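Novice: Input: one structure, supplied below.
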Amino acid sequence: MERISSNLTLMYKIVLPIFWIVMMGGITVAILMSKFAGIGNTSSFAVKAVMLFVFATGTLFLAFTLMRLKRIEVGQEGVYVTNYFKNVRYPFSEVDGITTTSLVLFSVGTLHLKGKGSFGKSITFIPSPSRFYSFFEENPGLKERLLKV
Numbered sequence: 003m004e005r006i007s008s009n010l011t012l013m014y015k016i017v018l019p020i021f022w023i024v025m026m027g028g029i030t031v032a033i034l035m036s037k038f039a040g041i042g043n044t045s046s047f048a049v050k051a052v053m054l055f056v057f058a059t060g061t062l063f064l065a066f067t068l069m070r071l072k073r074i075e076v077g078q079e080g081v082y083v084t085n086y087f088k089n090v091r092y093p094f095s096e097v098d099g100i101t102t103t104s105l106v107l108f109s110v111g112t113l114h115l116k117g118k119g120s121f122g123k124s125i126t127f128i129p130s131p132s133r134f135y136s137f138f139e140e141n142p143g144l145k146e147r148l149l150k151v
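Following my numbering, the numbering of the sequence shown begins with 3 at its first residue and continues without gaps.
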């Protein structure tokens, strides 16, 4: 079994969101509970509202992007997907393909299933820069069957 997703998946999916929620949540609660006149010409209500908006927006952004990432491994029997709490094996017959989208700093991969699976019909992951393409170069049959460029 070969992992094709990045080692940083655990950090992006669990560590970074927990850090954000604890640190920014604590700062937000402290600002909301404090009694101060404001900062400069800005009222305390405006400061509290902006801080609450920043915290809520950041948390929603993390929930809909980083917290959806999965770890992907490919073996002889199929594709293995985990969210670090639950592991699921999808046989190759259920996999429609894998696509990658190159962003500025990194790439995002999507595992497309033919039907809805335990994690949905499309599963998002960050491909490992070194392992992803080398795995498919070593396995040309799987590259032809799975990789949709």
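Glycine included, each C-beta is placed from N, C-alpha and C at the ideal position. All values reported here derive from a predicted model rather than from experimental measurement.
With DSSP collapsed to three states, give me the class of S46.
Specialist: For the purposes of this step, residue 46 is taken as residue 44 along the sequence shown, with counting starting at 1. In this structure, S46 counts as helix in the three-state DSSP scheme.
Novice: Which same chain residues end up closer than 6 angstroms to K116 when comparing Cβ atoms and leaving out the 5 residues on each side of it in sequence?
Specialist: Counting from 1 along the sequence shown, the entry for residue 116 is found at position 114. Answer for K116: E96, D98, listed in chain order.
Novice: Hey, would you say T103 sits closer than 8 angstroms to S109, going by beta carbons?
Specialist: Here the question's residue 103 lines up with position 101 in the sequence shown. Here the question's residue 109 lines up with position 107 in the sequence shown. Cβ atoms of T103 and S109: closer than 8 angstroms.
Novice: Could you tell me whether the Cβ atoms of I128 and S8 are closer together than 8 angstroms?
Specialist: As a position in the sequence shown, residue 128 is number 126, starting the count at 1. As a position in the sequence shown, residue 8 is number 6, starting the count at 1. Yes, they are a contact pair.
Novice: Once DSSP output is grouped into helix, strand and coil, what is the label at S104?
Specialist: Working through the sequence shown from its first residue, we reach residue 104 at position 102. Three-state DSSP puts S104 in a strand.
Novice: Give me the Cα-Cα distance between E146 and V49, rounded to the nearest whole angstrom.
Specialist: As a working mapping, residue 146 is identified with position 144 in the sequence shown. As a working mapping, residue 49 is identified with position 47 in the sequence shown. In a straight line, the C-alpha of E146 is about 55 angstroms away from that of V49.
Novice: Note down the Cα distance separating M53 from A65, rounded to an integer number of angstroms.
Specialist: The residue labelled residue 53 in the question sits at position 51 within the sequence shown. The residue labelled residue 65 in the question sits at position 63 within the sequence shown. Whole-angstrom Cα-Cα distance: 18 angstroms.
Novice: Does the distance from the C-beta atom of Y192 to that of R91 stay below 8 angstroms?
Specialist: No answer is possible for residue 192: it lies beyond the span of the chain, which begins at 3 and ends at 151.
Novice: With which residues is F87 paired in a DSSP beta bridge?
Specialist: Taking the first residue of the sequence shown as position 1, residue 87 is located at position 85. Per DSSP, none; premise fails for F87.
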